[in-house]
Structures are given as C-alpha cells and as structure tokens.
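Written below as structure tokens is the structure these notes are about.
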Amino acid sequence: MPIVFFIFFSQLKADESLKKLTPFLSQHCFSCHGKDKQKGDIRLDTLGRDLTKHENLEIWQGVLDQLNLGEMPPKKQPQPTISETKPIIDTLSKTLKVAYEKARSTDGETVLRRLNRQELRNTFRDLLYLNGPEYNPGAAGSRLVDNNGNGSVERTGNDPLRFFPEDEEEDGFFNIGDKLVMSDFYLKLVLGAVEEVLAQATHLESRPKIETRTFSGHLIKDNGGHLIESVSRKFNPSYDMMATGYERFGRLAPTETRGGVGMAARYRITIEASAHNKSHPWGDLFKLHDNNPFQLCLNIADTKNGGISGPTSTPLALWSVPEDGKKHTFTHEVWVDKTWTPWIGWENGPWDRSFRADLLVEKTLPNEFRPRPDKKTNKDAHD
1 MPIVFFIFFS QLKADESLKK LTPFLSQHCF SCHGKDKQKG DIRLDTLGRD LTKHENLEIW
61 QGVLDQLNLG EMPPKKQPQP TISETKPIID TLSKTLKVAY EKARSTDGET VLRRLNRQEL
121 RNTFRDLLYL NGPEYNPGAA GSRLVDNNGN GSVERTGNDP LRFFPEDEEE DGFFNIGDKL
181 VMSDFYLKLV LGAVEEVLAQ ATHLESRPKI ETRTFSGHLI KDNGGHLIES VSRKFNPSYD
241 MMATGYERFG RLAPTETRGG VGMAARYRIT IEASAHNKSH PWGDLFKLHD NNPFQLCLNI
301 ADTKNGGISG PTSTPLALWS VPEDGKKHTF THEVWVDKTW TPWIGWENGP WDRSFRADLL
361 VEKTLPNEFR PRPDKKTNKD AHD
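Going by our numbering, the first residue of the sequence shown is number 1, and it counts up by one from there.
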C-alpha cells in the first residue's frame, strides 16, 4: 500500500509541476508545436504529463534540451528573458530528475534477469559435472589471442562461452539485473553453448583403462634448458636437476607429454624430489635470494596455447622440500584436459641472470667448458 501511494504521489507532483509550464509553452512554443502546426512531428499542447510513459518523458527531455541550448523559441520569434526562462528550466530539470530516478527504481522488487557469463558457465559445470580449466571457480574464460602474430585475433580454447560478448558492467558489478541485455543474438549464443556442453558431457565410447604412467631418469629427452643442467645429465643419468627458477628455464615436464596427456581425466600426480646444498660451497657463483625452504611448484598448462611457458600455465600446489638430500614424495589430484600437461618448477630458485653457470663449469669442469660464441661474429650461436 505505501508503494502504491508513493507512485500516485510522484505522478501527481510531476503533473502539477508540468502544468505550471503551460503559460510559458503557450506563449513561446504552441505556435510551432500546437494544434495548427507540428514542426518535427512534435505537438506540445496535448503532450501528456505522465512521465512513467517513455514517449512523454522523451519529448519533455527534448524541450529541456532546446531551452538549455537557447534554440527554442527560434531566433525569428520573440525571445523570453533569462528571468522568464530560468525558472522553467529549473522546474523541468527537477521534475525530470525525479522521473528518471523513478524509472531506474525497482520499488524494492527483484528484477528478472539473465545469468551473466560466469554464472552460466558455472551452471553448465554443476548440471553436467563438467571438468577442466574452463570450469574452474573464478575462471576468466577464453581471451582473444593473436596466434599468427599478424594482428588477426581469435578466441581459442574449449570455453563454451568464448564467443559471448562481455557482460554489461555498472560500478564494478556484472550482475545488475536491469543492465544485463537479453537479445535474440544472445539467446542464439546460449543455445549454441548448450549444444557444445552437451557434446562435452556425452561419452558413448568404452570406458578408458586406468593406467599408471611412470617417468624416470631424464624427463626431458634433450640437453636440458640450462647449461649446468645439460652438464649434470652426463654424470647423473637417473634424475633431472633443476638449477634455476623458471624465469626462462627451470620448467620440467616429460617429453612424452609435450602434446598433452592425451586423455581428459582426473589424474593423481606423484613426484619424487630431493633438495641439496642450500648453503653451497660454490659461493658467489650460486646465490640464493630466499631464506625459505626450497619450494617445488606443480603446474598445468595447455600445450596448444603457449605451452608450459605460456599464459595458460596454472599453479596447482606448492610444496616445501626439506634440504636434507633425501627423496620426498608429493601427491596431488587434478583434472587434466587431453592437450594439457603437468610441469614442475623451482618456485624460489635463483634467477638465471644471477647464476653464472658458465663460470661454474669453467672452474669445476674445465674439460667440459665451451666459451659462449661472440655475439658480433656468431649471433645465432650466441642466442
């Protein structure tokens, strides 16, 4: 009942305010926008004063705009004085302000709205038991990627909402009911996304066998990413050594999973690692800038979208490895899509620039040392 009274009272007040403008409009406006003539198809002598109707509100706003611009009445017609125009502008401005506030108000009622992108993605995940990075809580979704380096961008990944426009935002919120637009175009996108997620959730093939895949020895089947790691391979055939943090190198993943794990499933990843020589006799050649224990980080990344050093790399678990030289086992369970691969890195390892591995090899293994080619004479070999 109070709401109904407020609506009636607001309309009555607007009607009274606009009614007071009639003498001014009759003197200066009705000759061009009245019974005999309607320039621009605008007639003011019969203009309604119910500002809850959009067509009335739009025309009254036009009247206010013309008065503020000084374009009404036309210059060839008698002009009102500033003292005559100012109270008209003030009254109309206040009346329209109240009308706009009323139009934006929901009168305490919840606005029926569509789901925003994040809510729709989460709904798909929960209803169909979908897994993968696209459905993780707080997933940002697919972004525009310039895959060819020519300025032509495209959306990549398996996010079913990758072609959706960004949600309408107001004051940092993306779930304001009367701001989220619903159109036939948007509905078409929703129906397309539904078909895609149903295909993702439906599997008619045989249930895959549960297998244990073991990777031992050198996980990377080449010379390693860093000079000291390459030299280590000759003396330590049963394990890989990580000597630096992963600014440029220090990312360790099995060569066999270079194209991904091959089957989307939930995996239990078990890692054996040991930490050695935090206070190292190499001294200034090997500086650690962190007094915390060695930290081993497990990540996953999409091999088809930047790989382990690309933007899809996602940290999963961070473990502290005791510096006692003994093997320690770490385990983590996670869903991994078929094109994704797990990788590990030394989270708080030294930066590559501060680690002079060339000096270390030259000092301790002079027969293995090869000076770096001069950049001026052999740039390719230097890089």
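Each residue gets a CB set at the ideal place from its N, CA and C atoms; glycine is no exception. No experiment lies behind these values; they were computed from the predicted model shown.
Per DSSP, the continuous beta strand (DSSP E) segment holding E272 begins and ends at 265-273.
When the alpha-carbon of L69 is set against those of E58, K76, T85, the nearest one is in T85. Under the Cβ criterion (8 Å, minimum of three pairs), the segment 262-272 does not count as touching the segment 363-372.
DSSP, reduced to helix, strand and coil, places E323 outside both helices and strands of the structure shown, so it counts as coil. Residue pairing for H33: DSSP places it in a beta bridge opposite Q38.
With a threshold of 16 other beta carbon atoms within 10 Å, F124 meets it and is buried. The continuous beta strand (DSSP E) containing N299 extends over residues 294-302.
The beta carbon of L128 sits closer than 7 Å to the beta carbons of V197, A201 from its chain, once the five residues preceding and following it are set aside; these are given in chain order. Inter-residue distance for S320 and N367 is about 36 Å (C-alpha atoms, whole angstroms). For N236, the number of other beta carbons within 10 angstroms of its own is below 16, and it is reported as exposed. Residue state for A253 is assigned as coil, using DSSP reduced to three classes. For G34, the CB contacts under 6 Å within the same chain, skipping 5 residues up- and downstream, are D45 in chain order.
Between the segment 94-104 and the segment 74-82 there are fewer than three C-beta pairs closer than 8 Å, too few to call the two in contact. In the three-state reduction of the DSSP assignment, F215 falls in the coil class, being assigned neither a helical nor a strand state. Under the three-state reduction of DSSP, H276 is assigned to coil, being neither helix nor strand. For I88, the secondary structure class from DSSP, reduced to helix, strand or coil, is helix.
For P23, the uninterrupted alpha helix (DSSP H) run begins and ends at 22-28, by DSSP.
In the structure shown, the three-state DSSP call for I344 is strand.
According to the DSSP assignment, T329 belongs to the beta strand (DSSP E) that extends over 328-336. Closest option to R49, judged by alpha-carbon separation, among D41, Q38, Q61: Q61. Judged by DSSP secondary structure, V194 falls within the alpha helix (DSSP H) whose first and last residues are 184-201. Around the beta carbon of T212, fewer than 16 other beta carbons sit within 10 angstroms, so the residue counts as exposed.
Membership of E58 in the alpha helix (DSSP H) is indicated by the continuous run 54-69. Assignment of beta-bridge partners to A317 by DSSP yields L298. Under DSSP, F173 forms a beta bridge with E170.
When secondary structure is reduced to three states using DSSP, Q79 falls in the coil class, being assigned neither helix nor strand. Here the alpha carbon of E16 sits roughly 15 Å from the alpha carbon of P87. Pairing F215 with D324, the inter-Cα distance amounts to about 23 Å.
Around the C-beta of N116, 16 or more other C-beta atoms lie within 10 Å, and the residue is accordingly described as buried. Ranked by Cα distance from K179, the first of I344, D167, G310 is D167. Taking 7 Å as the cut-off, the beta carbon of A193 is found closer than this to the beta carbon of P160. Annotated three-state conformation of K234 is helix, per DSSP.
Around the CB of F163, fewer than 16 other CB atoms lie within 10 Å, so the residue is classed as exposed.
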